[in-house]
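Single-structure report; data block below.
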Amino acid sequence: MVPTSVLVFCGLLSVVSVDPAWSASGPVIQQCPTHGEIAPCVCTVKKNGGLDILCEFTDLQHISKTMAVLKGKPSLVIFYLKLRHNNLPKLQGFVFLGMDIRHLTIHNSTLAVVEESSLSSIGKALTQLDLSQNSLSSVPTPALKSLDRLLIFNLNHNKISAIHANAFEGMSTLEILTLYENRLTNIEANAFAGTEKKLKRLNIGGNELSRVPTGALQTMDNLKKLEIQENKITSISEGDFIGLQTLDMLILAHNYLKHIPAKVFRHLPLLNSLELDGNQISSIDEEAFFGLEENLQYLRLGDNNLHTIPSESLRRLHRLRHLDLKANNISHIAEDAFTGFGDSITFLNLQKNDIKTLPMMAFENLNSLEILNLQNNKLTRVPEEALEAIVDTATVIDIMDNPLICDCDLRWYRDWLKELRHRDDDDIIQKKHILCLMEEEHREFSVLNLPVERMNCVGKKILVVSQRGR
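According to mature numbering (1 follows the signal peptide of the UniProt record, and there is no 0), the sequence shown holds residues -23 to -1, 1 to 447 in order.
Here is the structure:
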C-alpha cells in the first residue's frame, strides 16, 4: 500500500506541473519568435511569462505559416492566441497540434466551419474560447467534445438558428456561455446537457425566441444569471423557470410582454435581480412576484405601459432596494403607493412619466430612500410636505426638466441643495442647472440661485431644512 504522504506529494507535484509557464520560483519568462518568423502576426510576452500572439487583417496562408513556426517550438506556452479580422472561413483539422494555448480568439474572421479535429490537441489546456462575430450556422459540437477544461465560451454574433440536444456535450467545466445576437428560434430540450454542474451564466439574448426554452433550462440547477433580453417573447407563465432554483439574476428586458401573470417566478426563490424593462407591460397580477419575498432587491420595470405604480403587486417585496419605473405612463401617485414595501427602498426612479402633483403623504414610508429621480415629469410645484419624510436620508432628489414655477414651494428645495453643498455631499444633482419659471416675467431662473424675496413667501410658514438637526 502506498503511504498517504507519498500520495499527497504526488498530488501536489501534479498540480505544480500543470503549467509549464511557471516554476517553483515564479513565472518562466519565455521568448517570442522573431517578427520575421511570424509576420504579419506580432508577439508580446505577458507579465505571467506566457505569450500573447495577435494575427489580424491577414489570410489563411500567413496564419498557417505562423502556426507552423509555433508548432516547431513545443515548449512555448501561448496564453493568448488572437486571430481577428481575418479571412479564415474554415478551421482546419489539427491546426494547433503540438501547441499549448490557454485562450483562443477567432473573431470577425468569416469562420463558418470548425473541423472536428481542429481543437482536439489543445483541449487539455484551453480555458477560454471566443468564436464571436463569425458565420457559424450551428454549434460545432464535434469539435468541442475534447474541451474538458473550458471555462468561458463566446459564440456571440454568429448565424446560429437552433441549438440541438447535447450541443455542448463534454464541456463539463463550462461556467459562462454566451450566444448573444444569433438567429435562434429554437433551443431543444437537453441542449445544454453536460454543462449543468458548473454553468453559472447563460446569455441567449438578442435572438428570435418566441418563448422561454423551459425544456433546455430546467436542469440548469446551478445557473446564477440568465439573459433572455431582446427576443420576441410575448408571454411568460408559471412553470417557465422551473428548475432554476439557484438563479440570482433574470434579464427579460426588451421583449414583447404585456402582462405579468400570477406566480410566474415562484420557482426562483433566490432571485435577487429582475429586469423587465423595455417591454409593453400594462398589467401585473397581484401575485406576480409570489415566491420572491425573501431575496428580490432589484426590480426594473422602466419603459413599459404602466399607468399606475403597481403597489398591490409590490407589497410582498419587503426587501426591495432598487425600483425603476422610468418612462411609463404614470400620472398619479397614490398616498399609500409605497405602504408595505417602501421602507427598504434606497433608489426610486420615476423619471419620464406624466406625474403632475405629489400627494402630501406619498413618500412617507420611504424611510431608507437615498436617491429619488423625478426628472422629466409634469410637476409645477414640489411642496416640502410631500418630501419631508425623505429629506433626512436622501442625497439626490432630482426634479430637473419639470415645468417648475418659481414660488415659495421651492424654497425648501433650494435650501436643501445648499445644505448638501455645505456638508460636502455634492452629488450629481448639485451640478445640474435646475430651472423654474417666474410666471410674471416669463423668465427662467436657476432654483439654486433664486433670491428668497422673489419666491412670494410673505406670510407663509417656512420650515428651514438646516434647522432639523442635520
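Glycine included, every Cβ here is placed at the ideal spot set by N, Cα and C.
If you check the CB distance, LEU297 and GLN274 come in under 8 Å. Residue pairing from DSSP places PHE422 in a beta bridge opposite CYS413. In this model, SER321 and GLU365 are separated by some 17 Å (Cα to Cα). Taken in chain order, the unbroken stretches of alpha helix (DSSP H) that lie wholly in the segment 343 to 369 and span 4 residues or more are 361 to 364. Of the candidates ASN163, GLN328, MET337 and LYS24, MET337 places its Cα closest to the Cα of ALA311.
The C-beta distance from ASN342 to THR316 rounds to 5 Å, short enough to meet the 8 Å contact threshold. Short of 7 Å from the beta carbon of HIS295, and not among the five residues preceding or following it, lie these beta carbons of its own chain, in chain order: GLU270, PHE318 and SER321.
Ranked by Cα distance from ASN353, the first of THR372, ILE376 and ASN344 is ILE376. In the structure shown, MET197 falls within a coil segment according to DSSP collapsed to helix, strand and coil. HIS284 sits in coil when the DSSP states are folded into three classes, being neither helix nor strand.
For CYS385, the secondary structure class from DSSP, reduced to helix, strand or coil, is helix. Look at TYR390 here: in three-state DSSP terms it is helix. Residue environment: SER423 is assigned as exposed (fewer than 16 neighbouring CB atoms within 10 Å of its CB, all protein chains considered). In the three-state DSSP reduction, GLU252 falls in the strand class (E or B).
Membership of HIS80 in the beta strand (DSSP E) is indicated by the continuous run 77 to 84. If you keep only unbroken alpha helix (DSSP H) runs of at least 4 residues inside the segment 31 to 80, you get 37 to 48.
Boundaries for GLU14: no beta strand (DSSP E) harbours it, while the alpha helix (DSSP H) harbouring it runs 12 to 15, taken from the DSSP string.
DSSP, reduced to helix, strand and coil, places VAL429 within a helical segment of the structure shown. C-alpha of ILE140 to C-alpha of LEU186: approximately 12 Å in a straight line.
Counting of Cβ neighbours within 10 angstroms places GLN38 among the exposed residues, the total staying below 16. Within the same chain, LYS59, LEU60, ARG61, HIS62, ASP107, LEU108, SER109, GLN110 and ASN111 come within 8 Å of HIS84 by CB-CB distance, once the 5 residues on both sides are set aside.
If you look at LEU276, you'll find it in the beta strand (DSSP E) that goes 275 to 277. Between the segment 187 to 197 and the segment 219 to 226 there are three or more inter-stretch CB-CB distances shorter than 8 Å, so the stretches are counted as touching.
Excluding the 5 residues flanking it on each side, GLU264 has same chain C-beta neighbours closer than 6 Å at ALA239 and LYS240, in chain order. In this structure ALA314 is buried. Its beta-carbon is surrounded by 16 or more other beta-carbon atoms within 10 angstroms. Look at ILE237 here: in three-state DSSP terms it is strand. Taking C-beta atoms under 8 Å as the contact rule, LEU81 and PHE56 fail to qualify, at a distance of about 10 Å. Rounded to the nearest whole angstrom, the C-alpha separation of LEU427 and ARG358 is 15 Å. For LEU121, the enclosing alpha helix (DSSP H) starts and ends at 118 to 121. When DSSP reads this structure, VAL90 sits in a beta bridge with LYS67. By the neighbour-count criterion, in which 16 or more other beta carbons inside 10 Å mark a residue as buried, PRO287 falls on the buried side.
Only residues of its own chain outside the window of five on either side were considered, and among them ASP225, MET226, ASN272, LEU273, GLN274 and TYR275 have a CB closer than 7 Å to the CB of ASN249, listed in chain order.
A distance below 8 Å separates the beta carbons of ASN199 and LYS177. With 16 or more other Cβ atoms from the protein chains shown falling within 10 Å of its own Cβ, ASP301 counts as buried. If you compare the alpha carbons of PHE266, VAL368, GLY49 and LYS329 with that of ASN344, the shortest gap goes to VAL368. ARG296: not part of any beta strand (DSSP E); DSSP gives it neither H nor E.
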